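Asks:
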Amino acid sequence: MHVSKQSRIGHSGQPIRTQNALKWSQNPYITLSRSLTFSCRSPMAEAVFKQKVHELGLDAHFSEIDSFGTSGWHIGESPDSRSTSTCRKHGVPVNHAAQQITPKDFARFDYIIGMDELNKGDLMHMKPSDSSAQVAMFGKWRTNKEFAVVVLDPYYGGRDGFETNFRQISHFSEEFLKQELGVEI
């Protein structure tokens with residue numbers, strides 16, 4: 004995930020101040036990134052995060068919420084059908100084609116989020132030295148110990164893995180908004 008560097012606004016539409024400093028931008032940029040192929044976790048994370056933002060009436064505060072793979076294997080392709088069907092089952096639309104993250108994205112976004120340590124490592128390796136983007140795992144925002152910090156790739160497992168990912172990603176999305184934007188959920 005990335006969030007831009009402009010003056011930041013909370014759920015009430017007012018700037019959030021921390022020790023007399025503006026904390027968030029009016030139009031944060033968020034990107035959710037996943038390793039290699041983009042097909043399962045990243046598009047789900049993007050869709051769930053967008054839905055949470057919409058449900059909380061925060062759309063105007065986000066210029067962009069996006070997801071990328073760290074490889075170009077499936078550029079232009081739709082996400083894994085199990086990811087999209089899991090999201091749709093929960094009323095979350097998925098409308099995205101795979102794309103690869105580029106060094107320019109590290110200048111566009113304040114946060115870039117990986118789903119596991121490999122993602123985070125790949126992202127750290129790709130991050131230009133002059134970038135102020137924060138690279139983190141989505142599980143950094145976990146508060147419920149029921150959920151693992153790592154969002155495991157469900158590709159080779161059954162549908163249960165996609166449901167687990169959905170619950171994890173929903174929790175991490177809510178906690179990101181609570182902890183970083185001060186949103187009450």
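According to this note's numbering, the sequence shown is numbered sequentially starting from 4.
We treat Cβ as the ideally placed atom computed from N, Cα and C, and that holds for glycine.
From a predicted model like this one, the values you see are computed outputs, not experimental measurements.
1) Our contact map puts Asp-119 next to Val-154 with C-beta atoms below 8 angstroms; I'd like the distance itself, whole angstroms only.
2) Taking Met-140 as part of the beta strand (DSSP E), name the residues at either end of that continuous run.
3) Could you spell out where the beta strand (DSSP E) holding Asn-179 opens and where it closes?
4) Using the Cα positions of Glu-178 and Met-140, report the straight-line distance between them to the nearest angstrom.
5) By Cβ distance below 6 angstroms, which residues in the same chain neighbour Ala-63 in space, the five residues on each side in sequence not counted?
6) Enumerate in chain order the residues of its own chain whose CB-to-CB distance from Lys-123 is below 8 angstroms, with the five nearest sequence positions on each side excluded.
7) Apart from the five residues just before and just after Ser-134, which ones in its own chain have a Cβ nearer than 6 angstroms to its Cβ?
8) Please classify Ser-70: does DSSP put it in a helix, a strand, or coil?
9) Is it right to say Tyr-159 is buried, meaning 16 or more other beta carbons lie within 10 angstroms of its own, or is it exposed?
10) Residues in the same chain with beta-carbon distance under 7 angstroms from Pro-46, minus the five sequence neighbours each way, listed in chain order, please.
11) In chain order, what residues of the same chain have a beta carbon less than 8 angstroms from the beta carbon of Arg-170, not counting five sequence neighbours either side?
12) Count the other CB atoms within 10 Å of the CB of Glu-58; is the residue buried (16 or more) or exposed (fewer)?
13) Just the Cα atoms here: how many angstroms apart are Gln-182 and Ile-78?
14) Below 8 angstroms on the Cβ atoms is my guess for Gln-103 versus Gly-75; work out the distance and round it to an integer in Å.
15) Just to confirm, is the Cβ distance from Pro-165 to Ala-48 under 9 angstroms?
16) What do you reckon, are the CB atoms on Glu-80 and Arg-111 nearer than 9 angstroms?
17) Can you tell me where the beta strand (DSSP E) holding Gly-60 begins and where it ends?
Replies: With the given structure in hand:
1) 7 angstroms between Cβ atoms; contact.
2) Here the beta strand (DSSP E) through Met-140 covers 137 to 140.
3) Here the sequence assigns Phe to residue 179, which means Asn is not the residue at that position. Phe-179 -> not in any beta strand (DSSP E); alpha helix (DSSP H) instead, spanning 162 to 184.
4) A direct Cα-Cα distance of roughly 13 angstroms separates Glu-178 from Met-140.
5) For Ala-63, where only same-chain residues beyond five positions count, there are no Cβ hits under 6 angstroms.
6) Excluding sequence positions up to five before and after Lys-123, its CB lies within less than 8 angstroms of the CB of Gly-117, Val-138, Ala-139, Met-140, all in the same chain and listed in chain order.
7) The answer, listed in chain order, is Phe-109.
8) Three-state DSSP puts Ser-70 in a strand.
9) Classification of Tyr-159: exposed, given that the 10 Å Cβ count is below 16.
10) So the qualifying residues of the chain are Ser-70, Pro-82, Ser-86, Val-97, His-99.
11) Spatial neighbours of Arg-170 in its own chain (CB-CB distance under 8 angstroms, excluding positions within 5 residues in sequence) are listed in chain order as Phe-150.
12) Of the residues assessed, Glu-58 falls on the exposed side of the cut-off, its CB having fewer than 16 other CB atoms within 10 angstroms.
13) When rounded, the distance between both Cα atoms is 33 angstroms.
14) Right, their Cβ atoms sit about 4 angstroms apart.
15) The sequence shown places Phe at residue 165, rather than the Pro named in the question. No, the pair does not count as a contact, with Cβ atoms beyond the cut-off.
16) No, Cβ-Cβ distance for Glu-80 and Arg-111 is not below 9 angstroms.
17) Where Gly-60 is concerned, there is no enclosing beta strand (DSSP E), given that its DSSP letter is neither H nor E.
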